[in-house]
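Protein chains in written order, with the UniProt record's numbering: chain B, 1 to 1100; chain V, 1 to 381. Heads up, the beta-carbon is just placed ideally off N, CA and C, and yes, glycines get one too. Here the structure comes first, spelled out in structure tokens, and everything after it is commentary.
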Amino acid sequence: MPRRDDIRHVLVIGSGPIVIGQACEFDYSGTQACRVLRDEGIRVSLVNSNPATIMTDPEFADATYVEPITPEFVEKVIEAERDAGFPVTAILATLGGQTALNTAIALHDNGALARHGIELIGADVESIQRGEDRLKFKEIVLGVGGEVPRSAVCHSMEEVRAAVGELGLPVVIRPSFTMGGLGSGMAHTEADLERLAGGGLAASPVTEVLIEESVLGWKEFELELMRDRHDNVVVICSIENIDPMGVHTGDSITVAPAMTLTDREYQHMRDVGIAVLRAVGVDTGGCNIQFAVHPETGRLVVIEMNPRVSRSSALASKATGFPIAKIAARLAVGYTLDEIRNDITGETLAAFEPTLDYVAVKIPRFAFEKFPGADPELTTTMKSVGEAMALGRSFPEALGKALRSMEATAAGFWTTPDPVGDPQIRVPVDGRIYEVERALRSGATVAEVAAETGIDPWFLDQILALTELRTEILDAPVLESVLLRRAKRAGISDRQIAALRPELAGEDGVRTLRHRLGVRPVYKTVDTCAAEFRALTPYHYSAYETDPGAESEIAAQPDRPKVLILGSGPNRIGQGIEFDYSCVHAVMALREAGFETVMVNCNPETVSTDYDTADRLYFEPLTFEDVLEVVHAEQESGTVVGVIVQLGGQTPLGLAARLTAAGVPVVGTSAAAIDLAEDRGAFGEVLRRAGLPAPSFGMATTFDSAREIAARIGYPVLVRPSYVLGGRGMEIVYDDETLAGYIARATTISDERPVLVDRFLDDAVEIDVDALCDGVEVFVGGVMEHIEEAGIHSGDSSCTLPPVTLGRSVIEAVRRSTEAIAHGIGVRGLLNVQYALHGETLYVLEANPRASRTVPFVSKATAVPLAKAAARIMLGATIAELRGEGLLPAEGDGGELPPDAPVAVKEAVLPFNRFRTADGRGVDPLLGPEMKSTGEVMGIDASFGPAFAKSQAAAYGSLPATGRVFVSVADRDKRAMVFPIRRLADLGFEILATDGTADVLRRNGLTTTVVRKHSAGGETIVDLILDGQVDMIINTPYGNSGPRVDGYEIRAAAVSRGVPCITTVQGAAAAVQGIEAEAAGRIGVRSLQETHAQLQKART
Amino acid sequence: MSGRSTRAVLVLEDGRIFRGEAYGALGTGLGEAVFTTGMTGYQETLTDPSYHRQIVVQTAPQIGNTGWNDEDDESAGIQVAGYVVRDPSRSASNWRSTGSLADALREQGIVSVSGIDTRALVRHLRERGAMRAGVFSGDDLAADDVLVQRVLDSPRMEGSDLFGAVTTREPYVVPAVGATRFRVAALDVGIKSNTPRMLAQRGVETHVLPASSTIEQVEGFDGFFLSNGPGDPATADGPVALTRQVLERRIPLFGICFGNQILGRALGRGTYKLPYGHRGINIPVIEHATGRVAITSQNHGFAVEGEAGEEFDTPFGAARITHTCPNDGCVEGLALVDAPAFSVQYHPEAAAGPHDAADLFDRFVDLMAATAEGRSTEGSR
């Protein structure tokens, strides 16, 4: 069947900010969809509030709306397009995660789709509901002869208790229509049940939870399937979870293909999966079905289905090479699988099932260290913030590569000292695999470990074999080539070998030996077909073979000079999609400039690891060893003129010095210059020479020395360990007592690792700058003014571009300082500087000679592709040349935007609702100097008020237009709070306040309703919030030296109910402006293309 | 991964040699080197008679994970002439497992090689075509040129009459499950256990007959089934002649794989050797009548001449190419337009492989039902 010709204009809905359970995989899938639809000659409009995505680059859609993904805003987009003469004919929501799917359903429910005559393509409302409504889904599975865990759907706590009476504890609780398993969990006790089921009912938009027979400890599998409108179905990939049922698949170590199924069992799973997919009726596109298999009886039950492209689909695409999202988009517009070519072979069709001659292992990346107090046990609620995948020719090889891709403290087995005590393997936590290895090494049998963990004995035996190999490596008199090759083939890194054989003088010694013995990896190709057909797609991974006839498959590339771009590895807090964005832009710019581009990365969720982003892709860990081997392979097959390390965040930047020392042509800012910015003393010298002030600081190794420094520079002080990223372990301390507590907790403090004590600039305005420097000229990309005061990590605070309260003289000072720093360090490429404006003084807080998180935001707000320009500068172009080419504006820069430039507001999105303490309470959603956000959104409009309102709507749902606002602020904030609260009262809000705040407001002529503090007992503010009687909360913390019980309970309640909760005075003032804009009906939508055209016109 | 290993080599007739470690039995195995891309089902593959005198290369890199069980054999034992894998599993993990793959190979004398770069080998076979090969280990190891000569001295697959070696000596009956609706004569040129099993589930009693059976032994059955099997179909003159007699008598006929080639030859079509064959469980087949795609299990090195959708005359009336493989246009199914006979080149009985094409057995049963009804209508006239 050819493509439908009645689909002329598709609105693609993205997934919004990166949150736990919904990460950049949907940028990858959405980007592919946009490309495909436009190739088909279909007009594409796009809504996505996340500026860090590639899909929101203006060239990927005809009209790109960086607007909140809410039914109201999406309908505004539909109307704007209609008014422009382009009525939307269809909405594609199956590639934008749960956010897009929920929005599409809401547009159906509120009649908008019918009103505008729009069809949902991919999956219709009925099939989405059949897939997601647990009761309907269960009936479907039973109807096709499949089995499900016994269960009951409940809408109240009474029903929950009755159901558990039947099923017995433990039971699993799963709220309907939440993403990433939000709100689900395992109840072992009555208390667990009350808490989880109560929370689940609240989290579900339809107040529905499923109470289910426990399949805890069963084997867990997933299938990725695709169906076309001719009812052809194919299975793209099977995935086996190493962690058994009970751990969310997003938090499990997973393996593709399934390793422990016979054909009979696999085909049964496939039959059930296909029958379920047909019965649910997903018309076209991808879906994911999850199964549990009893390890002793083989009983197979269907757990759930996602009637859309999912995180697992992205993983399956990268694991197999089969581009699920791209094909799903083609199917959605009417093609059938047999009409679509398989890009990889160029001759076979999409109607087939990929087969693998390698093993893919995915490991999740967690961020528990950011949320002290959060319960680290892994459950059915997803908690990981990112993942890495590795490919190898065997499970151990892929596991070893995946472990060292995590960029955690341990880089694979044996690379850190064993913890004391017996191995802890029963409770699933981050890093349990290390304990499993230790248990097997300490003599536990495979059967014992399998019984404790539920991990299949096959995987355990593979790990046991590694421990035996470890013994061989330890015991061998000399590490000869046969044993070394066997070790490498088992995925063991040079660093691991170095840890076992200290006499080899470390990793470098092992590498020297290895190269001398000629032990190097070969590079194989991911081709969907196990080499049955010739592959056109240069998607490679390394493997070691013992066979002397082993082959590498890198084609010679003699024509163009090659540039390697190192990606950013697994997403984590502080290093996410923004860096992938910059890497992808570098690829695009350098390709266009005539270079051959080579991408190295290990994050399966990203656009950069799409096989047709760069000319060649290496899916490899970003360690020194792995990168060096890739560089070698590339040098063997052509001329490498540059390796780019400054776009992928701290991960590749950290390799700069060693790569340079190894003779690799690192381009852009030199390793020595990077050191100047990162070394506290050297950077201080750069500032001193340029005459730029920085907050006073000192370094302490004891409490006494810290107290002396604090006394000298004055409280409050900012304390942090040296050599950390993303504000790890940073705190603001107001007195000696809390300083003593901090030092006592800082266990790693030593002469080599002192604690930094900085003067903290209370009430300062923080300013962020992204700039380019070519060695001669500095181009200021944008000057961002933080809305929260200094002290909140820049990644967590909202900011506005252009600045809304800074005068020209300040901007001028920022420009001069940035220029001085860029030249002082010797930047070639991108630079990010953070300033604090305290009174009249502009202090320099820090400078990072690399792409920052804000590069995509700035690029979108100012219509200047900073990362592309940076990549060109690194390869020798000058800013003047790029101005001439038109890549940069002919005149001026982002420091001096046209007077009618739009205002863009960036807001951070925080994951507090994902975490619970061990006793089941929420964690404190408090901001501080340690970054906690997972993602960001952009609100863009003609002025600050509407832009801020959009940013809030995009991040948290809309700000309230009417209702009750609860106010409780620290003493120091009370005065500043009067004006915004008065404005809210004028707008018709009822003001609730605790007595202290109420007193101040009353004296300022404001009537408030006094409510009890939580600690006072009786019906308190916490009860009111939980009861849904409060529409917005303004609650500023009392210092930052530990939770004050009231504030903690209030904020935790706000998070659990999803009530907007503002924790700074500046945020409150901004919110008031946003509410005013909404009340005045001044909020419309506008495409980025129009906005950029306006900016570009104003510049000429 | 640990322990001492013994050398073993895979020698190809073009002189390329892959060196690995011995696995399974020690000795010599000679046959045609072919690769299969299935990620599951090594037990079914190894026991499939169609792999007789072939050295099977497994593209899936880790093999033996689920061990060996008493239920999944597709014939009396392992049929392959040699086995080549990258990483054999040290342990077996599955609730049905009763032993290890390594033990099964050793006990049944299958000379195997592990530790070679199977991907490099597959790329070689893909470019040069399936070819004669030998696996050698233990006392049978010798100088490279000696081993190459031993391979060159072995018979080629073209012209090899192999079904005689795998057919049953005595007829046997697989009863229907429940009431018997039909009785089928199945000509065993290498039949897999799952075929009678699937017929039985549909109320068919299957009489599995030796390949040398005559028309007299077939007459009186409700249907005639042509099984899969090894070797060059051009050598199958006996079964081809028998098939012509069956067609003349309009006994409903269904053929699979080698059976498709026999029917093709009976209808006057030629057969030819594919460069490296179709062996896997992920192979798409388009049915031209509906345009639907089935993902099929396949194992064939030869194919019937023809084009997608082509119609041609035969002594038994018009025939049609009903199915082809979109990857290379290879004929995957034939049928007579006005007579009850059809066949497919792929494996609806799967094992290993997907069950997408299982409805072909229903079609065969329907054909027998329609024919029986037609006869009874004729009889009552």
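Along the region 276-301 of chain B, going in chain order, the ones with a CB nearer than 7 Å to a CB of chain V are P295, E296, T297, G298.
Under the three-state reduction of DSSP output, B/N288 falls in the strand class. Short of 8 Å from the beta carbon of B/R299, and not among the five residues preceding or following it, lie these beta carbons of its own chain, in chain order: E147, V293. For V/C330, there is no enclosing beta strand (DSSP E), since its DSSP letter is neither H nor E. Collapsing the DSSP output to three states places B/S127 in a helix. Approximately 6 Å separates the beta-carbon atoms of B/V598 and B/A614; this is inside 8 Å, confirming the contact.
Following the DSSP letters along the chain, one finds B/E59 in no beta strand (DSSP E), marked with neither H nor E. Around the beta carbon of B/V66, 16 or more other beta carbons lie within 10 angstroms, which makes this residue buried.
Using a 10 angstroms sphere on the CB of B/F948, the tally of other CB atoms reaches 16 or more, which defines it as buried. Between the beta-carbon of B/I54 and that of B/T934 there is about 18 Å, and that puts the pair past the 8 Å contact cut. In the assembly as shown, B/V309 is a buried residue. Its beta-carbon has 16 or more other beta-carbons within 10 Å.
Counting along the chain, B/R35 sits inside the alpha helix (DSSP H) bounded by residues 25-39. Remark: C-beta atoms of B/G281 and B/L225 do not approach each other more closely than 8 Å. Assigned with DSSP and collapsed to three states, B/Y715 falls in coil, not helix or strand. Distances from the alpha-carbon of B/F624 to those of B/A890, B/E265, B/T409, B/L659 put B/L659 closest.
Interface flag for V/G238 against chain B is unset, since no Cβ pair is found closer than 8 Å.
Within the region 85-128 of chain V, the beta strand (DSSP E) runs of at least 3 residues that lie entirely inside it are, in chain order, 111-114. Residues of chain B with a Cβ closer than 7 Å to the Cβ of V/V293 are, in chain order, N232, L337, D338, A351. About 14 Å separates the beta carbon of V/S297 from that of V/G333, a gap too long to meet the 8 Å contact definition. When C-beta distances to chain B are compared with 8 Å, the residues of the region 11-23 of chain V below that value are R16, I17, F18, R19, G20, in chain order.
As the crow flies, the alpha-carbon of B/L628 is around 35 Å from that of B/R883. In the DSSP assignment, the residues bridged to V/T271 are V/V304. The beta carbons of B/A961 and B/I1033 sit no closer together than 8 Å.
V/F35 and V/R244 have their alpha carbons spaced roughly 33 Å apart.
Taking 8 Å as the Cβ-Cβ cut-off, the region 383-406 of chain B approaches chain V at R393, S394, F395, P396, given in chain order. Annotated three-state conformation of V/N194 is helix, per DSSP. Among the residues of chain B, those whose CB is under 7 Å from the CB of V/M39 are P257, T355, L356, following chain order.
Membership of B/V1030 in any alpha helix (DSSP H) is not indicated, and neither H nor E is assigned to it by DSSP. Those residues of the region 449-466 of chain B placed with their C-beta closer than 7 Å to a C-beta in chain V are D456, P457, W458, D461, A465, ordered along the chain.
Per DSSP, the unbroken alpha helix (DSSP H) holding B/E158 starts and ends at 157-167. In this structure B/L469 touches B/A487 by the C-beta definition: roughly 6 Å separates them, less than 8 Å. In the three-state reduction of the DSSP assignment, B/L756 falls in the strand class. Taking C-beta atoms as the reference points, V/I191 and V/V208 count as a pair closer than 8 Å. Residue-level contact check: B/K362 does not touch chain V, since none of the beta carbons of chain V fall below 8 Å from its beta carbon. Between B/A550 and V/A341, the C-beta gap is not smaller than 8 Å, which leaves the two residues out of contact.
Taking each of V/Y23, V/G64, V/T28 in turn and checking the Cα distance to V/M39, the smallest one comes out for V/G64.
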